[in-house]
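Asker: Numbering (numbering that gives the first Met the number 0) for the sequence shown: 0 to 221.
Cβ atoms here follow ideal geometry from the backbone N, Cα and C, with glycine treated the same way.
Remember, predicted model here, so these are calculated numbers, not experimental data.
Have a look at this one.
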Amino acid sequence: MIDPPGHGDSEALQRTFTFEECARCIEQILDTLNITRAHFVGNSWGGMIGGTFAALYPDRVGAAVLMNCTGSAAGFRQKIEYAVLVRLVRTLGGIPSWLSFVPLRAFAGPTTERERPEVILAIREAVARVNGRSVHWAIRSVVPERPSQIDLFGTIRTPVLVLAGVEDRTFPVEETRAMAAAIPGAEFRVVTGVAHLAGLECPRIVDEIIDDFLSRAQLPAG
């Protein structure tokens, strides 16, 4: 398990980062592990990085599965909402329990809130562990200061599957659909009953969708 920048046991962030820097991190990991090419499965921030990596390092990707993500820059409302959240998280040094409704609403939808208490608990526990002074840099990088990657994603030539959650309030279906439309030949699937964490909320169905995609994908030789 490798924690992303600013999370878990990785060094705390001291500044914002770019998706290109994140893609270079993936390249370094593959180099360290002596892996020439790998399939990439990413959710949210990970999905956006997956698109960046597939575009910039096509020889290192077999196929990419991009879930609950976007290729668009943040809209005005999202920028304002997350600018306020970033300030609070940095000032408070984390996300206190009384503010946990914000990430819960961003990550989970009505079905998970009603039927998957274990997912809600996992979100609460993850949120409680964050280093506010570090994670606020990640939030800024991924949301309010996120650039449009639509043009870059138009250069992707590897097989791509894009998944959206019907109940995703962070990146709604139509926003994720627009990202898929920008990627040549990308498949697009919508999963019912899930929000922003499809793989955590409904792992069996998501696994089946990914397995089916990989079984049909025209993968590069080698």
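Could you spell out the range, first to last residue, of the alpha helix (DSSP H) harbouring Arg168?
Answerer: First-last for Arg168: undefined, no H or E at that position.
Asker: Let me check understanding here. Comparing Cα to Cα, which of Leu98, Asn42, Glu207 and Pro4 lies closest to Thr69?
Answerer: Asn42
Asker: Counting pairs of Cβ atoms below 8 Å between the stretch 86-104 and the stretch 157-164, do you hit three or more?
Answerer: no
Asker: Could you tell me the alpha carbon to alpha carbon distance between Ala73 and Pro143, rounded to whole angstroms?
Answerer: 6 Å
Asker: Starting from the Cα of Arg59, find the closest Cα among Ile1, Arg23 and Met66 and give me that residue.
Answerer: Nearest C-alpha to Arg59: Arg23.
Asker: Please state the DSSP three-state secondary structure of Val129.
Answerer: coil
Asker: Whole angstroms is fine: what's the gap from Glu114's alpha carbon to Leu103's?
Answerer: C-alpha separation (whole angstroms): 14 Å.
Asker: Closer than 7 Å by C-beta to Val243: which residues in its own chain qualify, once you throw out the five before and the five after it? Chain order, please.
Answerer: The requested residue 243 does not occur in the structure, where the chain is confined to residues 0 to 221.
Asker: Tell me the DSSP secondary structure of Gly222 in three-state form.
Answerer: Absent from the model: residue 222. The displayed extent of the chain is 0 to 221, so no value can be given.
Asker: Within 9 Å (strictly less), CB to CB, does Arg128 reach chain D?
Answerer: The question asks about chain D, but that chain is absent: this structure has only one protein chain.
Asker: Can you check DSSP and say which residues form a bridge with Asn33?
Answerer: Answer by DSSP bridge pairing: none, since Asn33 is not bridged.
Asker: Output the boundary residues of the beta strand (DSSP E) element that contains Leu65.
Answerer: Start and end: Val60 to Met66.
Asker: How do the stretch 192-211 and the stretch 107-121 stand: do at least 3 beta-carbon pairs fall below 8 Å, yes or no?
Answerer: yes
Asker: Among all the DSSP beta bridges, which residues are the ones paired with Val159?
Answerer: Ala63
Asker: In angstroms, rounded to a whole number, what distance separates the CA positions of Ala121 and Val190?
Answerer: Within the model, the alpha-carbon separation for Ala121 versus Val190 is close to 21 Å.
Asker: Does the beta-carbon distance from Ala185 to Ile149 come in below 9 Å?
Answerer: no
Asker: Which same chain residues, not among the five before or five after Leu196, have their C-beta less than 6 Å away from its C-beta?
Answerer: Phe106
Asker: For Asp211, tell me which candidate among Gly153, Gly192 and Arg188 has the shortest Cα-Cα distance.
Answerer: With distances taken between Cα atoms, Asp211 lies closest to Arg188.
Asker: With 16 as the cutoff for other CB atoms within 10 Å, does Phe75 come out buried or exposed?
Answerer: exposed
Asker: What is the residue span of the alpha helix (DSSP H) that Phe212 lies within?
Answerer: Pro202 to Arg215
Asker: Alpha helix (DSSP H) containing Cys83: first to last residue?
Answerer: The question names Cys, yet the displayed sequence has Val at residue 83. Note, Val83: alpha helix (DSSP H), Phe75 to Leu91.
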